[in-house]
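Q: Just so you know, the sequences run in chain order A and B. Numbered according to the numbering used here, the first sequence spans residues 2 to 363. Numbered according to the numbering used here, the second sequence spans residues 58 to 314. Think of the CB as a built atom: it goes at the ideal place given N, C-alpha and C, for glycine as much as any other residue. This is the structure I want to talk about, given as structure tokens.
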Amino acid sequence: MSDIEIMKGNEALAEAAIRAGCRAYFGYPITPQSEILEYLADEGRRRGMIVLQAESEVASINMVYGAAGAGARVMTSSSSPGVSLMMEGISYIASAELPCLLVNVSRGGPGLGTIQPSQGDYFQAVKGGGHGDYRLIVLAPSSVQEMADFVYRAFDLADKYRAPVMILADGALGQMMEKVRFPDYDPAEHVVPKPWATTGKTPDRARNIITSLHIETEQMEQINIRLQDKYRLIAERETRWEEVQTADAEWLIVAYGLAARIAHRAVDLVRARGIRAGLLRPITLFPYPSKPLAALAGRVRGMLTVEMNAGQMVEDVRLAVNGRVPVSFYGRMGGIIPSPDEVVSALQKMVAQDVLTETEAN
Amino acid sequence: MEPTSTAHPAPDMEVVYKRPDTLLDTRMHYCPGCGHGVVHRVLMEVVQELDIQQETIGVAPVGCSVFAYNYLDIDMQEAAHGRASAVATAIKRIHPSKYVFSYQGDGDLAAIGTAETIHTCNRGENILFLFINNGIYGMTGGQMAPTTLLGMKSTTSPTGRTVETSGYPLKIADLVAMLPGVVYVSRHSVHTPNAVRQLKKAMIRSFQYQKEGRGTCFLEVVSNCPSNWKMTPVESNAWLEEHMFPLYPPGEIKAPK
Ligand SMILES: Cc1ncc(C[n+]2csc(CCOP(=O)(O)OP(=O)(O)O)c2C)c(N)n1
Ligand code: SF4
């Protein structure tokens, strides 16, 4: 297979999983991500991967728990309703500190919703979703290339921190076809020892137990403290974002994933009309790039958050900016992708508002 | 009278019965007379006698036996409520040469985890189910289980289970026996020494089938819950024979020719 291909985002992600040395995949069909299961059931199995179509997403996520606990590099993928079903299992996985890759190629909700792309699962992915104080490392690709690239990064982060990592994409990224290049990646060079895994107790060690149960409250608090320390460390080291034309920007658009591509186009369009706009694209949604946003808050006149939802990430933008500049929001819901022109209008409205308040002040 | 010690028998005494080394020397949290502890012991005797401690990986449920891993000296995972067989499936797929079992109560296996139970059996996963049927939710304080007998009182069927409100007791062992992926189904108890011996034989046989990759083995243990049945252990064993056995009779349900 040549290294440059034209592929759907879902297929690129699946191909990258095979190349990343993912031993096992457990999943259940749901649009718009079934190509991942289909690709792996064919190509993955041919190349030695364990691929099991489970009876539900509940079973899938608990199989991920079992396989990760047994020491294997393992993943599942689903779309919004299926990921909702996985929440209990994800909380167990986070608590038992099991490395694995979770993929949500999300679609419009709530409810059964639509199969069209959406970013309506930001809160669920980033703020918990399941019960208890846990976090997922969340990576947000915005191209087919990143659908593939982030798989390697996700597995490496998962192993490094003994933590579940989620790739949060959307239906458009899963379905669109683009050029993708697969980097050289030798899984053997990325093997992290897992002495804690249940591989069969040998005489040289105590038995290994994978559990999230700590009935003594003091002990449970200690586990929580350790998790929080880990999340802080991850925030220090692993926050990633991209800035486009922010050096001289007076106006900043904040958007991730597919919305960031649209926002990028909008930045070009408004610059042609003389508005100095820039873009900050969070690549990790947890940890969130609050620091660069706070720094930019000291330089720009206002920020516009663009999302394919009712306004979820905008809360994190406002937290980061802490009232220093106005933050407005533009979003479409229910599977509708905003056009660059809509974003341009939203930004122009913000600029006009700014001029108006300035005139009023004078 | 001098207290007797089993750890250091007098030189002229012969040890005829002792704790298997694979069963850890800690105090169990089970109520006096509870069947869980006996099943643990039998299981670990088998693991010791077959010399498969290094090859055995277990899955504990959510239920009274959630802490099984505190007693069994083998690698174990504690699964979410009802999902033990999904977890066991994955462990077995990753380590096909290991012996894998899931240990589950009736609420875990036959209510919240029914889908996982049926589909694990239907895939014919090479694992052993150890199904402890005490007809009640022990851990949460005696609520009705899918296996609760008609007329049997529980905190959520205070005047006795009726068909009208709760349907019939679920005979899940008979149900999974119908599936072609399942090779061996047998129902047991641990309320008499003879019953314990029968269970032990069935476990040995199940591990043999697992070694040969013949499919799913499913052992039901009709057990007691003296605390929530509100009986003494002795009374509970008598009640078990009189009331549980007519619906859940011990014996082989399915076995290879
Ligand atoms: C998702 C979820 N729902 C409910 C519970 C509460 N719960 C814990 S154990 C249990 C029932 C256990 O009964 P059984 O499986 O029969 O085992 P036993 O305690 O009788 O051995 C329930 C309902 C839980 N822990 N998780
Ligand atoms: S509550 Fe019942 S099942 Fe649980 S340990 Fe006590 S007797 Fe056993």
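1. Is any beta-carbon of chain A found at less than 7 Å from that of Arg140 of chain B?
2. Quick check on the DSSP output: the alpha helix (DSSP H) that includes Ala259 of chain B runs from which residue to which?
3. Strictly below 8 Å CB to CB, what residues from chain A border Glu102 of chain B?
4. To the nearest angstrom, how far is the alpha carbon of Leu187 of chain B from that of Asp163 of chain B?
5. Compile a chain-ordered list of the residues in the segment 148 to 174 of chain B whose CB is closer than 8 Å to at least one CB of chain A.
6. Taking 8 Å as the threshold, find out whether the segment 170 to 177 of chain B comes into contact with the segment 92 to 109 of chain B through three or more Cβ pairs.
7. Relative to the C-alpha of Tyr34 of chain B, which residue among B:Arg150, B:Gln265 and B:Leu185 is closest?
8. Looking at the structure shown, is Lys314 of chain B part of a helix, part of a strand, or coil, going by DSSP?
9. Along the chain, where does the beta strand (DSSP E) that runs through Cys274 of chain B open and close?
10. Return the chain-ordered list of same chain residues with a C-beta closer than 8 Å to the C-beta of Pro313 of chain B, the five sequence neighbours on each side being excluded.
11. Once the 5 residues before and after Lys210 of chain B are set aside, which same chain residues still bring their CB inside 6 Å of it?
12. For Met178 of chain A, list the residues DSSP reports as bridge partners.
13. Start and end of the alpha helix (DSSP H) containing Thr218 of chain A?
14. So is Met351 of chain A buried or exposed if we call it buried at 16+ other beta carbons inside 10 Å?
15. Can the beta-carbon of Ala25 of chain A be found less than 7 Å from the beta-carbon of Ile62 of chain A?
16. On the criterion of 16 or more Cβ atoms from any shown chain inside 10 Å, does Met304 of chain A qualify as buried, or is it exposed?
17. Specify, as a first and last residue, the run of the beta strand (DSSP E) that Met148 of chain A falls within.
18. Looking only at its chain, what residues have a beta carbon closer than 8 Å to the beta carbon of Leu206 of chain B, apart from the 5 residues adjacent to it on each side?
19. Just checking: is the beta-carbon of Ala137 of chain B within a distance shorter than 7 Å of some beta-carbon in chain A?
20. Answer with yes or no whether the minimum CB distance from Ile211 of chain A to chain B is below 7 Å.
21. Please determine whether the Cβ atom of Ala202 of chain B lies at a distance below 6 Å from any heavy atom of ligand 1.
22. If Met314 of chain A and Tyr232 of chain A are in contact, beta carbons under 8 Å, what's the gap, nearest whole angstrom?
23. If you draw a straight line from the C-alpha of Cys282 of chain B to the C-alpha of Lys75 of chain B, how long is it?
24. Return the CA-CA distance between Leu166 of chain B and Thr222 of chain B, expressed in angstroms with no decimal places.
25. Going by DSSP in three states, Phe124 of chain B sits in which element: helix, strand or coil?
26. Among A:Phe27, A:Ser80, A:Gly129 and A:Glu239, which residue has its Cα nearest to the Cα of Ala42 of chain A?
27. Within 6 Å: the Cβ of Gly94 of chain B and any heavy atom of ligand 2?
28. Is the CB of Ala125 of chain B under 7 Å away from at least one CB in chain A?
29. Using three-state DSSP, classify Trp197 of chain A as helix, strand or coil.
A: Put simply:
1. yes
2. Pro250 to Lys268
3. By Cβ distance, chain A contributes nothing, its closest Cβ being about 17 Å from Glu102 of chain B, past 8 Å.
4. 10 Å
5. Ile148, Arg150, Ile151, His152, Lys155, Ala172 and Glu173
6. no
7. Because chain B here runs from 58 to 314, residue 34 of chain B falls outside it and cannot be looked at.
8. coil
9. Thr273 to Val279
10. Val240, Tyr241, Tyr266 and Arg271
11. Gly217
12. A:Lys9
13. Thr218 to Glu239
14. buried
15. no
16. buried
17. Unbroken run through Met148 of chain A is the alpha helix (DSSP H), Val145 to Tyr162; no beta strand (DSSP E).
18. Gly192, Arg218, Pro226, His300, Met301 and Leu304
19. yes
20. yes
21. yes
22. Contact flag wrong, Cβ pair sits at about 18 Å.
23. 25 Å
24. 21 Å
25. helix
26. A:Phe27
27. no
28. no
29. coil
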